[in-house]
Amino acid sequence: MKNANCKFQILNLQSSIYNLQFPLCLCASVVIFLILPVIIPSLLFAQLDLEQDVLVIPDTHDAEPYKWKKSGSTRGYDLRMEYGTLIAGNDSEFTFSIKTKVPKTISDVHVFITDNGLNVFRHLRPESGNGKHRFVFNVPSHGKYRFEFVFKSAEDGWINLRKDISIKESVKQDPSLIPPLPKGDEEGIYSVNVKLFPEKVYAEHVVTFLYEISHNGVPVEYPEKTDGVDILITSWDKSRKEFICAGSRQNVDGQIAVSIVFMKPGKHRVFAEFKHNGAVRAVQTDIDVLEEPEQKGYGF
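Numbering (our numbering), first residue to last: 576 to 875.
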């Protein structure tokens, strides 16, 4: 199946895409013809279900259940961040706290980081204690970085705060501090096949990413859980105004499905994380999200 709007790459690892051809079977049987009107509507409106053994893709128009359920307002939440001099190539320590006007119960804190060009991706789980959260990030080079802080409030649900930090151009990266890239033959070769359903992605419609992972040619049907799911995806649009998090809802014999809804048309970059052999690995996919064309009415 051809995905014209999708560019695929696995970060720091060798990748490949396999195109699958699904045969279309035409049947003239009267019996099958009679039961088709019953079967097809049930498939069109089915949702992903962890209990079933058959992968069912949700209807692209059934958007509401697949939108990221974060709070629409961050009023009352104040992010306070502390860090020292940031030197490219060095581990830099960041400390932050979340202040609220009234007491809130905060848990499950995540930090997602990317750069201005969406070429860098980090997902960090900070150490938390005494109302403060700490993490270490090695800034690869100068430029502007986006920090997304995602956490759960018992009172308001998921909250997303953000902060941009610029590293001045005068800060130069010391080549001796750059860790060498891992060699492919040390950990084996990973390949990830990703398909989109539907192939054309429209804003405010459901799109399902179907991932199949293999290691040295052997399918990795059930990756180790990361944050309770087989695959966790994170996405920014080119302007970094739209940020989305979502976890897989179904895994049928290594076909791992993640369904999301992009709210804005344009170019988006999707990072998918999976864990295998104790290490979390990331795959990126570029998506062109289209604006749905207006329906033309009929008339004279």
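Ideal Cβ placement from N, Cα and C applies to all residues, glycine included.
Practice task
State the DSSP-derived secondary structure class of Pro640, mapped to helix, strand or coil.
Solution key: helix
Practice task
With distances taken Cα to Cα, identify the nearest neighbour of Phe812 among Ser703, Glu869, Leu693 and Ile681.
Solution key: Correcting the residue type first, residue 812 is Asp in the shown sequence and not Phe. Closest option to Asp812, Cα to Cα, is Leu693.
Exercise for the section: Report the rounded CA-to-CA distance for Ile862 versus Lys842, giving the unit in angstroms. Expected result: 6 Å
Handout entry: Contacting residues, own chain, Cβ-Cβ under 7 Å from Glu779 (five flanking each side not counted)
Key = Ala638, Val836 and Met838
Practice task
Using a threshold of 8 Å, state whether the C-beta atoms of Glu848 and Asp828 are closer than that.
Solution key: no
Practice task
Return the CA-CA distance between Val864 and Asn705, expressed in angstroms with no decimal places.
Solution key: 42 Å
Exercise for the section: Select from Pro640, Thr689 and Gly822 the residue whose C-alpha is nearest the C-alpha of Asp805. Expected result: Gly822
Handout entry: Cβ separation of Ser728 and Thr680, assumed to be a contact under 8 Å, to the nearest whole Å
Key = 7 Å
Problem - Cβ neighbours of Tyr652 in the same chain (closer than 7 Å, five flanking residues each side left out) - result: Ile673, Thr675, Ile734 and Leu736
Handout entry: Distance between beta carbons of Glu668 and Val711, contact taken as under 8 Å
Key = Going by Cβ atoms, the distance from Val711 to Glu668 rounds to 5 Å, so yes, they are a contact pair.
Problem - Complete alpha helix (DSSP H) runs within the segment 680-753 (minimum length 4 residues, chain order) - result: The qualifying runs do not exist here; there are none.
Exercise for the section: Starting from Glu668, follow the beta strand (DSSP E) in both directions and report where the run begins and ends. Expected result: Asp666 to Thr675
Handout entry: Spatially closest choice to Glu817 from Pro633, Asp634, Trp643 and His636, by CA coordinates
Key = Trp643
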